[in-house]
Amino acid sequence: MEPAMRKPDSGLVWAILTTVLCCMPFGIVAIVKAAQVDTFWAAGNYEEAARAAASSRTWSWISAGIAIAVWVIYLLVTIGTIGLAAMFTPD
Numbered sequence: 642m643e644p645a646m647r648k649p650d651s652g653l654v655w656a657i658l659t660t661v662l663c664c665m666p667f668g669i670v671a672i673v674k675a676a677q678v679d680t681f682w683a684a685g686n687y688e689e690a691a692r693a694a695a696s697s698r699t700w701s702w703i704s705a706g707i708a709i710a711v712w713v714i715y716l717l718v719t720i721g722t723i724g725l726a727a728m729f730t731p732d
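Start counting the sequence shown at 642; every next residue gets the next number (our numbering).
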């Protein structure tokens, strides 16, 4: 007898949060993948449901990572600009 399988967590909440708060294009991909989990599960395609859930998590992480990288670059440029302005400001 096969062990009972649990439906994988689709990660829809994280996909929506990363879409709204981080990087919209990659977040939308995460939402689409998360929505596919229920469809595949209902069709009995359990392996594909697990793949879609993993893909949704991956795209959510990519979205969050890009947002963090953009903010770090923004802060570095801002600090650098302020530093350069302070160097060339007459006393």
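Backbone N, C-alpha and C fix where the C-beta goes; we use that ideal spot for every residue, glycine too.
Spanning the alpha carbons of Ile723 and Val713 requires a straight line of approximately 15 angstroms.
Distance check between Trp700 and each of Val718, Ala693, Ala671, Arg692 places Ala671 closest, using alpha-carbon atoms only. Less than 8 angstroms separates the beta-carbon of Lys674 from that of Ala693. Secondary structure at Pro649: coil, using DSSP grouped into helix, strand and coil. Rounded to whole angstroms, the Cβ separation of Cys664 and Ser704 is 4 angstroms, and the two are in contact under 8 angstroms. Per DSSP, the continuous alpha helix (DSSP H) segment holding Gly668 begins and ends at 665 to 683. Leaving aside the five residues that flank Ile657 on each side, the residues in its chain whose CB is nearer than 8 angstroms to its CB run, in chain order, Gly668, Ile672. Per the coordinates, the alpha-carbon of Met728 lies some 14 angstroms from the alpha-carbon of Thr719.
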